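Here the structure is laid out as structure tokens; the discussion comes afterwards.
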Amino acid sequence: MVPLVCLLLFLAMTGHSSATYCLCNDGVGDQALQTTLDYACGNGADCSAIQQNGACYNPNTVKDHCNYAVNSYFQNKGQVTGSCDFAGTASVSANPPTNIPSTCTYPSSMTQLGIP
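In terms of my numbering, the sequence shown opens at residue 266 and continues consecutively.
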């Protein structure tokens, strides 16, 4: 009986594959966004793509770079509850930003980051 329950739970979890992103909130000032960006990049986000000549450098705005950084942080932390708050400057979204270039990929899971 226990193996059957475990199998059903596993199938239920793997069948649910909705994308989840962390994005900086609209209406937040650039100074607060920069603080959030700096924190995310210094504490687990992979921010190499938003460096000059990186795949996600453009659009070159604090808001767009903040979006990438907090999403990277959120995915690297395993989408743990609370890892997409940043003192109210960010929140979870079902959709990626709309203005990203085709060269830029926003991971929506740890698997897309290459982490099983």
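Backbone N, C-alpha and C fix where the C-beta goes; we use that ideal spot for every residue, glycine too. Computed from a predicted structure; not experimentally measured.
Assuming residue i contacts residue j under a Cβ cut-off of 8 angstroms, what Cβ separation, rounded to an integer in Å, is found between them?
i, j, result
"Ala334", "Cys312", "5 angstroms"
"Tyr304", "Asn336", "Their Cβ separation, rounded to whole angstroms, is 14 angstroms, which puts Tyr304 and Asn336 out of contact at 8 angstroms."
"Asp295", "Val345", "Incorrect: roughly 27 angstroms between the Cβ atoms, too far for contact."
"Ala359", "Ser283", "7 angstroms"
Have a look at residue i and residue j and give me their C-alpha separation to the nearest angstrom.
i, j, result
"Cys287", "Cys349", "6 angstroms"
"Asn325", "Ile315", "8 angstroms"
"Gly353", "Asn308", "17 angstroms"
"Thr285", "Leu302", "19 angstroms"
"Lys404", "Gly319", "The shown model of the chain, from 266 to 381, leaves out residue 404, and the question about it has no answer."
"Gln317", "Phe351", "24 angstroms"
Using the beta-carbon count (16 or more within 10 Å), is residue i buried or exposed?
i, result
"Val293", "buried"
"Pro366", "exposed"
"Asp291", "exposed"
"Ser373", "buried"
Quick check on DSSP: helix, strand or coil for residue i?
i, result
"Val357", "strand"
"Tyr333", "helix"
"Cys306", "helix"
"Tyr338", "helix"
Skipping 5 residues on each side, what residues in its chain have a beta carbon closer than 7 angstroms to that of residue i?
i, result
"Tyr323", "It should be noted that the sequence gives Asn, not Tyr, for residue 323. Correct list, in chain order: Pro366."
Using a Cβ-Cβ cut-off of 6 angstroms (strictly less than) and excluding sequence neighbours within five positions of residue i, which residues of its own chain qualify?
i, result
"Pro362", "Asn332"
"Tyr338", "Ala305, Gly309, Ala310"
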